[in-house]
Amino acid sequence: MKKGFVFDLDGVITDTAKYHYIAWKELAAEIGIDIDLKFNEQLKGISRMDSLERILSLGNKNDAYTEIEKEALATKKNTQYVQLLQSLTPDDLLPGVKEFLDQAKEKNIPCGIASASKNAPFILDKLGVMSDFDAIVDPATLKKGKPDPEIFVQAALALGIDPAEAIGFEDAQAGIDGIKAAGMYAVGVYSGEELHGADIIVEKLTELNIDELLSK
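For the sequence shown, full-length UniProt numbering begins at 1 and goes up steadily by one.
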């Protein structure tokens, strides 16, 4: 029997990818780099600084900025992103999420967030589901980002369970790889990116039976 759920945020709980894209595209344009939606797929699930490095690499500008300047660029992007997030409401939860979380609470199944986003608490608060989560991993405490399993292992331990007793939910390949490396059962949430290695793939959480999942 499984004893806990660990969720990625973007693409699983809500879809803020469009806001990330707008903010990154604006920043990239300011430094003479053009990114499109196809390139943006590479930025899903990875940290802010890793995303910036990929954008700079696209424009052959890896060595054009100091580390301090890169931090400033990443901060500028995040400021714009957070401004865009102000419009989030509970209506922006993806289909079936609230119902799934309510069922988990009824069954006393702890839930955690394993997201590369440093804005996770702010986003969950705007969505009205902050109280539905028992643990949120602070990405600043991590030595490695996804696909390394560290964030998922930390989330499981924060819930008081072994990683093998947890079920992870992800919409990005890096996340699925991390979940499996942590020894968890992986639920892939399809959002346009082909996922490999997930134990089950759904488009919405409404497709899942919570009792069947817990018996895995």
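Built from N, CA and C at the ideal position, the CB exists for glycine as well. For clarity, every value in this text was computed on a predicted model and none was experimentally measured.
Given a threshold of 16 other Cβ atoms within 10 Å of its Cβ, counted over all protein chains shown, does residue i qualify as buried or as exposed?
i	result
Ser51	buried
Gln154	buried
Ala29	exposed
His196	exposed
Gly45	buried
Is DSSP giving residue i helix, strand or coil here?
i	result
Leu159	coil
residue 217	In this structure the chain extends from 1 to 216, so residue 217 is not present and cannot be described.
Val153	helix
Gly188	strand
Ser51	helix
residue 260	No answer is possible for residue 260: it lies beyond the span of the chain, which begins at 1 and ends at 216.
Asp34	coil
His196	coil
Can you name the residues that DSSP bridges to residue i?
i	result
Ala135	Gly112
Asp10	Thr14
Ala166	Gly4
Ile201	Gly188
Rounded to whole angstroms, how far is the Cβ of residue i from the Cβ of residue j, which I believe are closer than 8 Å?
i	j	result
Ala174	Lys144	The Cβ separation is near 11 Å, so there is no contact.
Lys126	Leu88	4 Å
Leu213	Lys2	7 Å
Going residue by residue through the region 59-131, where are the continuous beta strand (DSSP E) segments of at least 3 residues, counting only ones entirely within it? Whole beta strand (DSSP E) segments, 3+ residues: 111-113.
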